[in-house]
Amino acid sequence: MDQQKAINLKKPVLGASQFKHIRKVKRPKRNWLDLPSEITANILHIIGVFDIFQNAQKVCTTWREICKDPAIWRKVCTTWREICKDPAMWRVIYVDASFDTNANRAFEEMCKRAVDRSQGQLVDITIVQFRNEEILEYIANRSSQLKRLTIACCDDFSNRIWTKSLVKFPLLEELSLYATNISKEGIETAGRYCSKLKTLKVNQENYSFWDDCIATAIGENLHELRHLELIGSPMTNEGLKMILDGCRHLELLDLRRCLFIYLGGDLWKRCLQQVKWKRCLQEIKCVKLPNDFLEGCPFIYKRMDFMMNLMDVMMNIVKNIMMNLR
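Letter by letter, the sequence shown follows residues 1 to 326 of the UniProt record's numbering.
Shown next, in the form of structure tokens:
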């Protein structure tokens, strides 16, 4: 018993001030302003256009100066998801066609401010659901270094805006259009002024009559293409032949939902022979067929798979009826 008391007496007794000191050591304060500017810039780049304008640049002078750095604005993605992150505010694209005019106008102004801050260094921009086609001309007048342009759900863009804008993108390598129309003249302009263009995606939902206008323009003007996606194109076998004749360097050809193409016989053999094959983790087929699923394709209706299956069923019924009539 006496020995235990002796041991307890040897233990140090901590005062209140020492306890405070321990708590301070365990919970050090973070000073976000002490972060290197490169790390802060990376963080700001991740949070997106909306949060930079509405929140981050208002934190302090240091962050505001970093937000003005053109390097942050070399890649800009402006979609409704950036503005309406609250699920209660999110409007489902393609279903709700009504928009708040004031919100759309504010969205366009935000995009313009982002382009201005890039100071001509913009290389990659994605715009979705724009109702005013003049935004494309605004980007073109200030972004001569642009390499990747993605436009989705902007089906009101005219011939004039395409021909005026594409002239000013001499370094453009990728043009991706989803549910967005481009004219024959627009394709011709791209072939004339965008000599570095290697990737073209004109993906849409199309259940109209066949039309080889765009396919013919691609075959006649875009000879250096490597990657071509024409999901939902109304082209026929004749249009496909024009593409194969004119685009001799294709490495990937996406024909999903091209309802007016019949890949059989010599045309199918030609596709396989002409379009190159790649090796990744495994050998993959670089010709995607009309009946293949729409995995990995953004902005296009998921219901297209359902519609395609429905059309297959209807075609089989028609074939059976025709067989019985014989």
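All residues carry an ideal CB built from backbone N, CA and C; glycine is no exception.
Note that the structure is predicted; figures quoted are calculated from it, not measured.
Taking the beta strand (DSSP E) that Leu259 falls in, what are its first and last residues?
Premise fails: Leu259 is in no beta strand (DSSP E) and is neither H nor E.
Compare the C-alpha of Cys297 against each of Gln145, Asn203, Gly191 and name the closest.
Closest by alpha carbon: Asn203.
Answer yes or no: do Leu259 and Cys271 have a C-beta to C-beta separation smaller than 8 Å?
no
Going by alpha carbons, who is nearest to Gln145 out of Trp162, Asp124, Asp245?
Asp124
Gly120 and Arg148 - do their beta-carbons sit closer together than 8 Å?
no
Looking at C-alpha atoms only, which residue of Gln129, Asp245, Lys198 is the closest neighbour of Ile151?
Gln129
Whole angstroms is fine: what's the gap from Pro290's alpha carbon to Phe107's?
36 Å
What is the DSSP secondary structure of Ala97, counted as helix, strand or coil?
Confidence is the limiting factor: at Ala97 the pLDDT is only 31, short of 50, which leaves the residue's position unreliable, though a coordinate-based value still follows. Coil at Ala97, not helix or strand.
I'd like the span of the alpha helix (DSSP H) that includes residue 331, first residue to last.
No statement about residue 331 is possible, as the shown extent of the chain runs from 1 to 326 and does not include it.
Please identify the residue among Glu205, Asn181, Leu228 whose C-alpha is closest to the C-alpha of Glu174.
The residue with the shortest Cα to Cα distance from Glu174 is Leu228.
According to DSSP, is Thr199 helix, strand or coil?
Note: Thr199 maps to strand in three-state DSSP.
Just to confirm before moving on: does the CB-CB distance between Ser165 and Ala140 stay below 8 Å?
Their beta carbons are under 8 Å apart, which means Ser165 touches Ala140 by this criterion.
Does Ser165 come out as helix, strand or coil in the three-state DSSP assignment?
helix
Express the C-alpha separation of Ser195 and Leu172 in angstroms, rounding to a whole number.
8 Å
Helix, strand or coil for Glu295, going by three-state DSSP, please let me know.
coil
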